[in-house]
Amino acid sequence: MMVDYSQWLKTVSEAVRPGERTAIILAVLSVFCFAGMVIAFVGGIAFMGPSEEFVKANVRITAVMALGFVASVIALLFATASGPNGVEPFATHAENMYGIEHLRCDGADCPAYDLPADNTPARWLKDGRLEQGRFIIDGHRVGLAGPDGELLKEAER
1 MMVDYSQWLK TVSEAVRPGE RTAIILAVLS VFCFAGMVIA FVGGIAFMGP
51 SEEFVKANVR ITAVMALGFV ASVIALLFAT ASGPNGVEPF ATHAENMYGI
101 EHLRCDGADC PAYDLPADNT PARWLKDGRL EQGRFIIDGH RVGLAGPDGE
151 LLKEAER
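If you're matching positions, the sequence shown starts at 1 in the working numbering and goes up one per residue.
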């Protein structure tokens, strides 16, 4: 049975957009903080000379910019490391859809937030038995063909 994944794909798309925006903002912020740190430190010495007042002010500005840079880089790493919030990965969604466990695509993890390619080999556990088959992808419709070539039916929920 081919299952319509358009709603799941739409949810993934909507959940990813804010993360991408956040990553771009954090990247720009980190570049700004790094540039400010360099300008405050290097540029200040060249134009003002190393007076005691300048050194104190420059150390404060550089420290604030360095903290901003480190914080924005850490936030950027967290923003890009996690997947879309509240959206289950493809393998989990398919496992729930077909009542199977430990789904693997082509001997590796399935794409987390996208559909696998058409005819991608797959293997899974069903009722404690290892089964192999392949994905049939037709646009946003997904089918999982079992070892006999027949499409698996949707699990009762």
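For every residue, glycine included, the Cβ atom is placed at its ideal position computed from N, Cα and C.
Here the structure is a predicted model, which means the values were calculated and not measured.
Where I100 sits in the DSSP three-state scheme: Position 100 of the sequence shown, counted from the start, is the residue given in the question as residue 100. It is coil, neither helix nor strand.
Can you tell which of G149, F69 and R141 has the C-alpha that lies nearest to the C-alpha of S6? The count along the sequence shown starts at 1 and reaches residue 6 at position 6. Cα-wise, what sits closest to S6 is R141.
By a C-beta neighbour count over all protein chains shown, 10 Å radius and 16 as the cutoff for buried, is A91 buried or exposed? Walking along the sequence shown from the start, residue 91 turns up at place 91. With 16 or more Cβ atoms within 10 Å of its Cβ, A91 is classed as buried.
Cutting at 7 Å between CB atoms, please list the residues of its own chain near T120, excluding the five before and the five after it. The residue you call residue 120 lines up with position 120 of the sequence shown. Only C105, D106, R134 and F135 meet the Cβ criterion.
Tell me which same chain residues have a C-beta within less than 7 Å of the C-beta of M97, skipping the five on either side of it? Position 97 of the sequence shown holds residue 97. Excluding residues within five positions, the ones whose Cβ falls inside 7 Å are V3, E154 and A155.
Is DSSP giving G36 helix, strand or coil here? What you label residue 36 is simply residue 36 of the sequence shown in a count that begins at 1. Here G36 sits in helix by DSSP.
Tell me which residue opens and which closes the beta strand (DSSP E) that E131 is part of. In the sequence shown, the residue the question calls residue 131 occupies position 131. Element bounds for E131: R129 to D138.
In whole angstroms, what separates the C-alpha of V64 from that of V70? Position 64 of the sequence shown, counting from 1, holds the residue named residue 64. Position 70 of the sequence shown, counting from 1, holds the residue named residue 70. Their backbone Cα atoms lie some 10 Å apart in a straight line.
What's the C-alpha gap between W8 and D148? Here residue 8 refers to the residue found at position 8 when the sequence shown is read from its first residue. Here residue 148 refers to the residue found at position 148 when the sequence shown is read from its first residue. So the alpha carbons of these two residues sit roughly 27 Å apart.
Burial state of I100, where buried means 16 or more other Cβ atoms lie within 10 Å: Taking the sequence shown and counting its residues from 1, the one referred to as residue 100 is at position 100. Answer is buried; the Cβ neighbour count reaches 16.
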